[in-house]
Structures are given as structure tokens and as C-alpha cells.
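Residue numbers (our numbering): 21 to 156. Heads up, the beta-carbon is just placed ideally off N, CA and C, and yes, glycines get one too. This report refers to the structure that appears directly beneath it.
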């Protein structure tokens, strides 16, 4: 978010760590489920917060997910097609970005970190680059 003085701030509003269903799935499908969930949670936060928000930005470390969402020509199997449709309906291409895995705090939860480690600044406020100017 950018405050009234123009300073950028980043903080954790909502998190979900258990996304994996009981049925075994491939990593790309799990990443796609995560991207879909982010769009759905964005809608929930926008509906529940009593604060005017501008465009949200969606980050993923999965280049496969970005290619799924970017692809306008290929037809996907039902599982992928349904999730890509949700992402398209809840976001625009200008809102979707790639982040390197090592900078992705969302993956910290999946790496077996302790609660103390998760309460570190990176988990609560995100990586430093989120508060840089767009041109940086």
C-alpha cells in the first residue's frame, strides 16, 4: 500500500498455509491452486476491509502458472482451464508478476520453519523490493 505521504508499505493481511489436498498433485497444479486462491482472497479482503484499495499485485515464483495465465490460444484440460478462468476474472495481466523463489515469503511456510522464524520481518512485511518504487 502507499500511504497519503507516498510512502510504500507492505504487511501481511491474510495467510493460508495448508493448500495441498489429500489427493497427490503435481507442483504446477499446486502452484496454480495457490495463484487461484490469491485472487479469491483478494476479493475477500477487498469486500471486508473498510479501506479504499487500488489495484492489487499478484506475485508467483511459478513461471508455469504465469504461462498458463498468459496463454490465450491453447485450450487446457478442465482442472487448469477452470483455475485460469478464475485468475482471469479476478485480475488483469498488468497485476501479475514473477518473483524469484528465494525472495518468495509464501514458500517459507512450506519449508518447515518454526513459528519464531515465520514471525521474522520477511514473513510479516514481505521482501524489501515490495516497498521500492515501481521503476526500481
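Helix or strand or just coil, what does DSSP make of residue i?
{"i": "residue 78", "result": "strand"}
{"i": "residue 130", "result": "helix"}
Looking only at C-alpha atoms, which of the options sits nearest to residue i?
{"i": "residue 76", "options": "135, 131, 147 and 22", "result": "22"}
{"i": "residue 36", "options": "139, 98, 102 and 126", "result": "126"}
{"i": "residue 81", "options": "66, 105 and 55", "result": "55"}
{"i": "residue 146", "options": "79, 24, 59 and 103", "result": "79"}
{"i": "residue 119", "options": "86, 67 and 34", "result": "86"}
Let's see if you can read the secondary structure: which residues bound the alpha helix (DSSP H) around residue i?
{"i": "residue 142", "result": "141-145"}
{"i": "residue 138", "result": "135-138"}
When you compare the CB positions of residue i and residue j, do they come within less than 8 angstroms of one another, or not?
{"i": "residue 129", "j": "residue 138", "result": "yes"}
{"i": "residue 88", "j": "residue 100", "result": "yes"}
{"i": "residue 65", "j": "residue 32", "result": "no"}
{"i": "residue 72", "j": "residue 90", "result": "no"}
Considering residue i, what are the terminal residues of the beta strand (DSSP E) in which it resides?
{"i": "residue 122", "result": "Note, residue 122: premise wrong, no beta strand (DSSP E); not H, not E."}
Query raised in the report: Where in the region 31-109 do unbroken runs of the alpha helix (DSSP H), each at least 4 residues long, occur, reported from the N-terminal end onward?
Result: 47-68 and 83-90
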